[in-house]
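The block underneath contains the structure these notes are about, expressed in structure tokens.
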DNA sequence: CCAACACGATAAACCGCTTTAGTAAAGCGG
DNA sequence: CCGCTTTACTAAAGCGGTTTATCGTGTTGG
């Protein structure tokens with residue numbers, strides 16, 4: 002009843018285990034007759050080499066791992082990850098690799114890493130100094146970091162977060178907004194503070210804002226989900242210091258902000274301009290369509306996978322230049338209304 | 002420079018390999034002093050058991066596989082899959098499992114299956130008679146089918162597709178629509194025709210339509226994406242036989258249909274009513290918000306994972322009752338206009 | 001004082017495959 | 001007919017863990 006092994010095939014075909022192995026991996030080393038016979042027997046018996054045994058022998062598992070810093074249910078609520086996987090997937094399929102999603106095991110990402118049988122890792126949003134990344138190095142598994150900080154030891158695939166954020170802020174400022182708020186990305190892991198990405202985007206926002214000589218904006222942290230965006234809106238200051246424009250670091254949260262604003266009776270963009278970040282496909286269908294900063298997520302995944310595969314093949318590769326971001330102006334932003342009425346607007 | 006093995010730790014700590022193994026797996030079998038020492042040495046050396054070796058020995062990989070019948074880039078363009086993974090992920094994390102995405106390898110799903118080192122498989126949309134599923138059986142890997150046909154050999158997790166579809170069609174018919182069209186799901190694999198799911202939904206639509214004594218609707222097949230939905234709209238009949246309502250088997254395609262209709266100058270729902278299937282989160286934000294059939298996708302994933310894990314633990318489980326679906330009426334459907342000029346209601 | 005018995009640690013077999021080194025037979029030129 | 005190379009196939013040694021059976025040893029009970 003148990004699995005049929007190479008030895009079973011060998012004895013059934015009257016040859017050695019080696020011959021069976023050769024039949025699959027180096028067919029040219031076998032005589033034509035035996036090759037046929039072995040393959041035939043193997044097929045009849047439904048033989049499939051045990052993947053773990055094969056991996057142990059060849060030191061290759063045919064799998065690359067994706068380090069998921071949080072619970073799968075929260076991470077996959079963000080379409081960003083789907084996009085990324087589309088990119089990774091393309092390269093994986095091209096190279097006959099499977100994709101292993103590695104979430105924290107029993108709360109510990111490090112433990113999960115040790116258990117994962119992969120040829121390489123892709124890390125999402127983790128700093129190069131994160132303990133998980135150090136474990137990776139300790140084991141000596143090739144790794145590529147996405148959305149991280151520059152690192153001398155790992156290739157890092159980034160987009161121009163700072164430039165994109167700056168463009169977003171300039172856009173709002175150009176429309177006459179003076180009272181702004183920022184919705185910041187959540188930390189990748191509980192222990193951390195700002196993610197590398199959040200830090201860069203913040204810098205971009207602030208650069209534009211300071212250059213315009215406008216008061217420093219309030220900032221709120223929100224998870225990457227519509228619900229979190231809604232909560233973020235609630236915690237924005239109201240009254241006189243109410244912002245007329247809000248810069249959100251993710252499209253999902255931006256949609257939440259719009260939704261909450263609308264249910265609070267405000268009009269977007271009439272009463273509140275919102276600009277997101279990512280340009281997810283769905284951001285074009287929202288109501289109103291979201292003004293946002295486009296980053297090439299699929300490309301990012303593709304590029305990261307390509308670099309990882311090269312590293313797995315022994316080539317040493319450096320970090321590529323950050324991919325460019327572009328502001329996509331849709332309908333969630335408009336000129337600030339009655340921006341300096343002598344006394345309170347409303 | 003190569004990986005540190007259990008033998009390295011053993012000799013560094015002056016004990017046998019067995020002792021090191023015990024230190025991790027049966028700490029109670031070691032004296033307190035040695036236990037501490039071994040763990041200390043292991044930590045200093047950065048030892049991590051080789052996952053493949055461990056898997057070979059224990060016959061457990063700590064991984065469950067998700068059989069992806071198509072390219073990752075097309076499958077993950079559909080938020081349905083993200084939702085499902087959220088459900089699967091919850092259970093996986095609870096049981097300390099990782100999730101392996103297994104797309105066709107070199108075009109062959111069967112080949113991919115053989116290479117995957119997993120303890121169990123979840124199949125998406127494949128018939129129980131699919132060759133891939135047969136390979137699974139041949140190897141003897143526990144498997145749970147999602148969106149499949151009833152099977153005596155495997156647990157199947159389904160929703161009430163037929164009932165949901167019937168409700169959707171009844172909704173349109175109740176609004177006075179007489180000229181309908183159906184947008185059918187694409188085959189899961191190139192070889193197949195209708196998927197089990199598509200067959201059931203079609204039956205549901207038709208049951209309602211026939212009961213209403215309305216002419217049989219046109220049907221078009223469209224992939225699960227906005228772009229495919231747009232193309233589907235294009236290929237709908239125009240002129241006198243133009244449908245006033247369209248039943249779409251996926252929300253993504255439904256959104257595409259709406260979008261294409263709008264860019265063609267039609268108003269939704271004024272000129273065309275559209276009802277989708279799935280109730281993806283984003284379907285609530287579209288313009289107009291989409292009327293659709295809600296299916297509990299996350300629950301589906303959770304349930305499937307739970308059943309698989311039980312099967313992996315040796316318990317034999319049967320198929321659960323189909324999860325229920327409910328029609329969610331939003332704003333993409335309205336009464337049919339001027340349907341027969343003389344006596345039109347409305 | 002000796003048999004009985006936990007206790008702590010180990011040697012060796014095993015998991016299922018790949019691969020190196022090697023052997024027997026066949027082919028070949030001289 | 002002999003040495004030399006090919007060809008076709010195999011034995012056995014890993015790969016890096018786990019696990020079973022065993023073995024000293026210091027403790028006890030009778």
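Chains as they are written, first to last, in our numbering: chain A, 2 to 347; chain B, 2 to 347.
All residues carry an ideal CB built from backbone N, CA and C; glycine is no exception.
query	result
So, at 7 Å on beta carbons, what are the nonlocal neighbours of residue 97 of chain A in its own chain, with the 5 sequence-adjacent residues on each side left out?	63
Sort out for me which residues DSSP pairs residue 101 of chain B with in a bridge.	A:101, B:66
Residues of chain B with CB under 8 Å from residue 348 of chain A, in chain order?	Outside the displayed span of chain A (2 to 347) sits residue 348 of chain A, for which this structure offers no information.
Just the Cα atoms here: how many angstroms apart are residue 15 of chain B and residue 137 of chain A?	27 Å
Who are the Cβ neighbours of residue 93 of chain A in its own chain at under 8 Å, not counting the five residues just before and after it?	65, 99, 100, 306
Along the beta strand (DSSP E) that carries residue 122 of chain B, what are the first and last residues, could you check?	121–125
Based on the DSSP secondary-structure assignment, which residues constitute the bridge partners of residue 324 of chain B?	B:160
Less than 9 Å between the C-beta atoms of residue 254 of chain B and residue 233 of chain B, yes or no?	yes
Closer than 6 Å by C-beta to residue 205 of chain B: which residues in its own chain qualify, once you throw out the five before and the five after it? Chain order, please.	163, 166, 167
Excluding the 5 residues flanking residue 35 of chain A on each side, which residues of the same chain have their C-beta closer than 7 Å to its C-beta?	16, 20
Could you work out which residues of chain A lie near residue 87 of chain B, taking near to mean beta carbons separated by less than 7 Å?	73, 74, 77, 78
Along chain A, in chain order, which residues have C-beta atoms closer than 9 Å to that of residue 130 of chain B?	What residue 130 of chain B touches in chain A: nothing, since even the nearest Cβ is about 16 Å away.
Three-state secondary structure (DSSP) at residue 88 of chain B?	helix
Could you spell out where the alpha helix (DSSP H) holding residue 295 of chain A opens and where it closes?	Premise fails: residue 295 of chain A lies in the beta strand (DSSP E), 292–295, not in any alpha helix (DSSP H).
State yes or no: is the beta carbon of residue 279 of chain B nearer than 9 Å to at least one beta carbon in chain A?	no
Does DSSP classify residue 49 of chain B as helix, strand or coil?	coil
What does the alpha-carbon distance come out to for the pair residue 10 of chain A and residue 24 of chain A?	11 Å
Do the stretch 177–193 of chain B and the stretch 206–219 of chain B meet, that is, are 3 or more Cβ pairs less than 8 Å apart?	yes
When the cut-off is 9 Å and only beta carbons count, does residue 155 of chain B lie next to chain A?	no
For residue 316 of chain A, does the count of other Cβ atoms within 10 angstroms reach 16, so buried, or fall short, so exposed?	exposed
How many angstroms separate the CA atom of residue 270 of chain A from the CA atom of residue 332 of chain A?	7 Å
When we look at the beta-carbon of residue 126 of chain A and count the other beta-carbons within 10 Å, is it buried (16 or more) or exposed?	buried
Just mark residue 30 of chain B as buried or exposed, buried being the case when its beta carbon has 16 or more other beta carbons within 10 Å.	exposed
Which of helix, strand or coil does DSSP assign to residue 181 of chain A?	strand
May I ask you to list the residues that DSSP assigns as paired with residue 219 of chain A?	A:182
Which bits of chain A does residue 115 of chain B rub up against, with CB to CB less than 9 Å?	49, 50, 52
Here's the rule I'm using: 16 or more other beta-carbon atoms within 10 Å means buried, otherwise exposed. How should residue 202 of chain A be labelled?	buried
So, helix, strand or coil for residue 278 of chain B, using DSSP?	strand
Name the one or two DSSP bridge partners that residue 246 of chain A has.	A:181, A:274
Please decide whether residue 97 of chain A counts as near chain B, where near means a Cβ-Cβ distance under 9 Å.	yes
Taking the beta carbon of residue 155 of chain A as the centre, do at least 16 other beta carbons fall within 10 Å, making it buried, or is it exposed?	buried
Since residue 288 of chain A meets chain B, which of its residues come closer than 9 Å, beta carbon to beta carbon?	286, 287, 288, 289, 290
Could you give the DSSP three-state label for residue 75 of chain B: helix, strand or coil?	helix
Chain B partners of residue 4 of chain A, CB-CB under 8 Å?	140, 141
Could you check how far apart the C-beta atoms of residue 142 of chain A and residue 175 of chain A are, in whole angstroms? I think they sit under 8 Å.	Going by Cβ atoms, the distance from residue 142 of chain A to residue 175 of chain A rounds to 46 Å, so no, they are not a contact pair.
Determine whether the Cβ of residue 194 of chain B lies closer than 9 Å to any Cβ atom of chain A.	no
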